[in-house]
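In our numbering, the protein residues as written are 3 to 281. Let me begin by presenting the structure, written as structure tokens, before commenting on it.
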Amino acid sequence: MSLNAPVVLDTVVDVISSSRAHVCLVCCYQLMTDVLGHAVDDTHAAAAAGGKIFITRHGERADLADERWLAQAEVADDPPLTEQGLQQASELGRRLQAEDIRQIYSSPFLRTVQTAQEVAGCLKGDISICIEDGLAEGMLTRLFPDGRPNFRSAEELKLLCKSVDPAYKSLIRLSFPEDYDESQERCKQIACQLAERHKHENILLVAHGLSVEYLATALVTKQKCSLHIPYCCLTECIRDGEGEWSYGLHMDQEFLSNKQEKSDADKQREMWGQKNSSS
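Rendered as structure tokens:
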């Protein structure tokens with residue numbers, strides 16, 4: 003193929019004369035690449051980091067707030083929330099409104115499901131409550147000397163708390179009785195399973211003092227867990243891009259208008275007969 007010299011020369015001159023414009027275009031292209039590249043990197047980093055797991059304890063329980071409740075209780079081992087407990091749960095829900103919670107999991111005890119319902123009622127969208135036995139109170143004979151506690155079924159709980167999903171099947175099957183090590187292992191299993199199921203979503207786990215401690219320590223292994231676990235306190239577990247967990251909020255109750263006193267929470271810890279747990 004032959005080339006026309008004058009045409010080639012004219013093309014070279016045009017390129018040289020437009021070199022400044024060319025440099026500008028190159029610079030703009032590089033700038034756009036950098037900006038978009040950083041945006042993509044940020045998106046990938048966010049996806050790699052995944053969702054957060056929020057863990058809370060239920061609100062104030064009726065049997066510990068008023069001993070007279072037991073005298074008229076239909077189900078003595080499954081007390082409901084007090085009015086103050088419902089208020090604490092509602093304030094917890096308002097605190098979580100900005101956290102984009104996509105799913106709530108609750109222990110099968112009524113007080114935790116009521117707490118979960120108050121939270122769900124404060125959140126945007128149709129957030130359901132999955133009844134997960136793995137989040138339950140420790141199945142200790144010290145706490146339940148008369149045998150395995152009588153849980154309401156998911157269908158029965160649905161009649162009391164409208165956001166309960168009766169179709170959900172618990173990932174963990176409870177055994178009775180448990181010792182402390184078995185209770186801790188059960189909580190570790192469900193924490194890991196739910197973390198895997200919701201890698202890129204924020205979820206809330208509603209549990210009990212002992213199970214809150216065990217759930218938190220199952221995820222966050224390099225930071226010390228507080229033993230002060232008051233009603234409706236909020237713990238935030240954050241996963242980084244390497245899969246390591248750390249605490250954001252930790253046993254926080256600053257958003258509550260009626261906070262449980264530390265002395266009261268410490269008295270409840272004595273129920274367990276284990277110094278490094280909370281009821």
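Even for Gly, the Cβ is constructed at its ideal location relative to N, Cα and C.
Kindly identify the DSSP beta-bridge partner or partners of residue i.
{"i": "Asp247", "result": "Strictly speaking, residue 247 in this sequence is Trp, with Asp absent from that position. For Trp247, which the question treats as bridged, DSSP gives the partners Arg241."}
{"i": "Ile192", "result": "Per DSSP, none; premise fails for Ile192."}
{"i": "Asp254", "result": "Leu236"}
{"i": "Cys132", "result": "Tyr107"}
{"i": "Gln55", "result": "Sequence check: residue 55 is Ile here, not Gln. Ile205 and Cys239, per the DSSP bridge assignment."}
{"i": "Arg63", "result": "Leu83"}
Thinking just about the alpha-carbon of each residue, which of the options is nearest to the one in residue i?
{"i": "Asn204", "options": "Pro179, His210, Cys239 and Gly211", "result": "Cys239"}
{"i": "Gly140", "options": "Glu157, Ser177, Lys261 and His252", "result": "Ser177"}
{"i": "Arg150", "options": "Gln225, Gln255, Asp268 and Val77", "result": "Val77"}
{"i": "Tyr170", "options": "Glu246, Leu221 and Tyr107", "result": "Tyr107"}
{"i": "Leu173", "options": "Ile133, Glu256 and Arg70", "result": "Ile133"}
{"i": "Cys124", "options": "Lys54, Gly95, Phe257 and Leu162", "result": "Gly95"}
{"i": "Lys261", "options": "Gly87, Asp68 and Arg199", "result": "Gly87"}
{"i": "His200", "options": "Gln105, Gln74 and Glu101", "result": "Gln105"}
{"i": "Leu212", "options": "Thr223, Leu196 and Glu187", "result": "Glu187"}
{"i": "Asp128", "options": "Lys160, Ser165, Ala75 and Ala156", "result": "Ser165"}
{"i": "Ser265", "options": "His230, Glu256, Asp242 and Arg241", "result": "His230"}
{"i": "Cys194", "options": "Asp68, Leu251, Glu246 and Glu180", "result": "Glu246"}
{"i": "Lys126", "options": "His202, Ile103 and Ala75", "result": "Ile103"}
{"i": "Pro232", "options": "Pro147, Arg70 and Asp268", "result": "Asp268"}
{"i": "Gly53", "options": "Phe257, Ala197 and Glu256", "result": "Ala197"}
Where do the N-terminal and C-terminal ends of the beta strand (DSSP E) with residue i fall, by residue?
{"i": "Lys164", "result": "First-last for Lys164: undefined, no H or E at that position."}
{"i": "Tyr107", "result": "Ile103 to Ser108"}
If you drop the 5 nearest sequence neighbours on each side, which residues of the same chain put their C-beta closer than 8 Å to that of residue i?
{"i": "Ser259", "result": "Gln89 and Glu93"}
{"i": "Asp183", "result": "none"}
{"i": "Phe111", "result": "His60, Asp80, Ala138, Glu139, Pro151, Phe153 and His210"}
{"i": "Arg70", "result": "none"}
Would the beta-carbon of residue i be found less than 7 Å away from any heavy atom of the ligand GDP?
{"i": "Ile106", "result": "Only the bare structure without any ligand can be found here, which leaves the ligand GDP out of the picture."}
Cutting at 7 Å between CB atoms, please list the residues of its own chain near residue i, excluding the five before and the five after it.
{"i": "Cys227", "result": "Glu215, Ala218 and Thr219"}
{"i": "Glu263", "result": "none"}
{"i": "Arg22", "result": "Its pLDDT being 48, under 50, Arg22 is placed unreliably by the model, and the measurement read from it follows with that caveat. Counting only Cβ-Cβ distances below 7 Å, and skipping sequence neighbours, we find nothing."}
{"i": "Asp254", "result": "Cys235 and Leu236"}
{"i": "Arg175", "result": "Asp135"}
{"i": "Val121", "result": "Ala91, Leu94, Gly95, Leu98, Ile106 and Leu206"}
{"i": "His252", "result": "Ser228 and Thr237"}
{"i": "Leu72", "result": "Asp65 and Ala78"}
If I'm right that residue i touches residue j with Cβ under 8 Å, what's the distance once you round it to whole angstroms?
{"i": "Gln119", "j": "Ile131", "result": "7 Å"}
{"i": "Thr84", "j": "Ala209", "result": "Between Ala209 and Thr84 the Cβ distance is about 18 Å, and since that is not below 8 Å, they are no contact."}
{"i": "Pro81", "j": "Arg59", "result": "Incorrect: roughly 14 Å between the Cβ atoms, too far for contact."}
{"i": "Ile55", "j": "Leu162", "result": "Not a contact, Cβ separation roughly 26 Å."}
{"i": "Gln270", "j": "Leu66", "result": "7 Å"}
{"i": "Glu180", "j": "Leu142", "result": "6 Å"}
In the DSSP assignment, find the unbroken alpha helix (DSSP H) run with residue i in it and report its ends.
{"i": "Leu207", "result": "Looking at the DSSP string, Leu207 is not in any alpha helix (DSSP H); the run it does join, the beta strand (DSSP E), is Asn204 to Ala209."}
{"i": "Arg96", "result": "Glu85 to Arg97"}
{"i": "Glu120", "result": "Leu112 to Cys124"}
Closer than 6 Å by C-beta to residue i: which residues in its own chain qualify, once you throw out the five before and the five after it? Chain order, please.
{"i": "Ser109", "result": "Leu137, Ala138 and Ala209"}
{"i": "Asp43", "result": "Model confidence at Asp43 stands at a pLDDT of 44, short of 50, so the residue's coordinates are unreliable and nothing is read from them."}
{"i": "Tyr249", "result": "Val222 and Gln225"}
{"i": "Lys190", "result": "Ala220"}
{"i": "Pro168", "result": "Ala156, Glu157 and Lys160"}
Between residue i and chain C, is any beta-carbon pair separated by less than 8 Å?
{"i": "Glu158", "result": "No chain C is part of this structure, which consists of one protein chain only."}
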